[in-house]
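Written out below as structure tokens is the structure these notes cover.
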Amino acid sequence: MTVFDDLVGQGPVVAQLQAAVTAARQGTGGMTHAWLFTGPPGSGRETAATAFAAALQCVEEPAGCGYCANCHQVLQGTHADLEVVRPQGLSYSVKETRALVMRAASSPSGGRWRIVLFEDADRATEAAANALLKAIEEPPPRTVWLLCAPSPDDLVMTIRSRCRLVTLRTPPADAVRDLLVQRDGVEHELASAAARAAQGDIGRARRLAADSSARQRRQEILSVPARLTAVGPAVMAAEALVKAAEAEAKALTEELNEAETAAMRQALGESAKGRMPRGTAGAMKELEDRQKSRATRLKRDALDRTLLDLASFYRDVLTLRFGASVPVVNEDRLPELQSYARKLPAEAVIRRLDAIMACRRRLAANVNPLLAVEAMMLELRTG
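Numbering that gives the first Met the number 0 numbers the first residue of the sequence shown as 0 and each following residue consecutively.
Here it is as structure tokens:
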């Protein structure tokens with residue numbers, strides 16, 4: 000067992016990271032102090048960065064043993080020399096970045112390296128990126144920056160040019176299925192369906208396999224094309240789509256908020272009767288503000304996943320229309336997909352996919368979600 004075992008279908012990446020850890024320990028070729036992990040959603044950017052951090056801190060094996068105290072603490076996110084940065088809102092401010100840079104400048108307290116793992120580094124504002132650049136250009140000798148983003152182009156050129164690039168690919172559906180079966184104990188047929196539907200996103204595959212309500216929401220999304228018979232039903236479908244995304248985000252938000260709030264109240268000294276000490280109201284208010292900001296981001300992310308599920312329907316139609324030798328994502332709806340492939344010209348299918356992608360861009364620009372989705376639905380009906 001090594002810390003890299005969870006990197007499903009990422010053989011070249013594992014070899015690259017293991018070679019870097021070995022070189023760092025042997026002192027051959029020096030150590031790169033800034034890394035950029037890129038890949039599509041679900042490819043395992045953060046998983047790869049965390050595994051690399053564990054291997055760098057491991058005291059047992061160059062590959063990262065996965066069972067020593069250092070490996071365990073890094074994988075759990077509790078290591079004293081690891082700071083994991085997760086932007087809670089839609090962006091990461093320059094004030095937050097400057098404070099992070101100051102903390103990163105300190106020497107390791109016990110591990111080999113002081114490691115900063117910056118998830119969603121593409122959420123940094125322009126001013127924050129400039130502050131981050133200065134830290135990456137002249138890092139302390141024992142500090143390592145691990146940045147995660149969907150693609151290199153999501154970061155300013157000056158930052159990405161100073162990072163060693165680690166490119167992850169979308170894991171094949173068979174590999175995700177085997178992971179669900181062998182490690183999560185999911186029944187084979189359900190694991191196959193979840194892996195196909197998730198399109199390589201391991202976290203989403205696990206949610207679909209474990210949560211029947213998530214599978215039901217996805218089926219409702221895939222039924223949208225059949226409901227676009229007139230303007231009225233199209234508007235109603237838009238409202239249902241937005242509500243489904245909000246329900247998914249709400250469930251995740253409540254789960255995260257409950258755990259965070261309980262931990263915060265305990266840390267601040269909540270009494271057995273549920274009373275908080277004086278002077279703690281400010282800390283609780285700050286936590287609530289962060290949670291509200293995160294809830295906004297989770298809603299947008301959930302709606303984006305909803306649109307990608309809808310796009311998978313038309314992707315399958317186009318696949319069948321051209322007779323491409325690739326498996327369809329939504330195999331359980333094959334008769335319906337074949338019907339659309341027979342009656343819709345390829346150009347019409349592409350226009351519908353373009354409408355979905357345009358809606359994603361509008362949402363990224365903070366257009367009102369319901370208005371953006373309604374406009375998309377009308378285009379899907381007439382496209």
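Yeah, the Cβ is synthetic: ideal placement off N, Cα and C, and Gly gets one too.
With a contact defined as Cβ atoms closer than 8 Å, L55 and I114 qualify at about 7 Å. Just measuring C-alpha positions, the residue of G38, A52 and V7 sitting nearest L16 is A52. Boundaries of the alpha helix (DSSP H) around E188: H187 to A197. Pairing L74 with V2 gives a Cβ-Cβ distance under 8 Å. If you check the CB distance, L178 and V7 come in under 8 Å. In the three-state reduction of the DSSP assignment, L146 falls in the strand class, which pools E and B. By the neighbour-count definition (other C-beta atoms within 10 Å, threshold 16), H187 is an exposed residue.
Here DSSP, grouped into helix, strand and coil, assigns L362 to helix. In the structure shown, A123 falls within a strand segment according to DSSP collapsed to helix, strand and coil. CA-CA distance, L99 to M263, rounds to 21 Å. Taken through DSSP and simplified to helix, strand or coil, T166 comes out as strand.
Of all C-beta pairs linking the region 140 to 151 to the region 114 to 123, three or more are shorter than 8 Å, placing the two stretches in contact.
Ranked by how close their Cα comes to the Cα of Y91, the residues P107, A246, R296 and L255 have R296 in first place.
Boundaries of the beta strand (DSSP E) harbouring R113: R113 to F117, taken from the DSSP string. When the five nearest sequence neighbours on each side are left out, the beta carbons in the same chain lying within less than 7 Å of the beta carbon of L189 are those of A208, in order along the chain. Distance from the Cα of P140 is smallest, within the candidate group R44, S160, A126 and W112, for W112. For V84, the beta-bridge partners assigned by DSSP are F117. For L35, the pairing in a beta bridge is given by DSSP as L146 and L164. In the three-state DSSP reduction, Y91 falls in the strand class (E or B). Counting only runs of 4 or more residues that sit fully inside the region 199 to 249, the alpha helix (DSSP H) segments are 201 to 209, 211 to 221 and 223 to 226, in chain order. Counted as a single uninterrupted DSSP element, the alpha helix (DSSP H) harbouring V13 occupies residues G10 to Q25.
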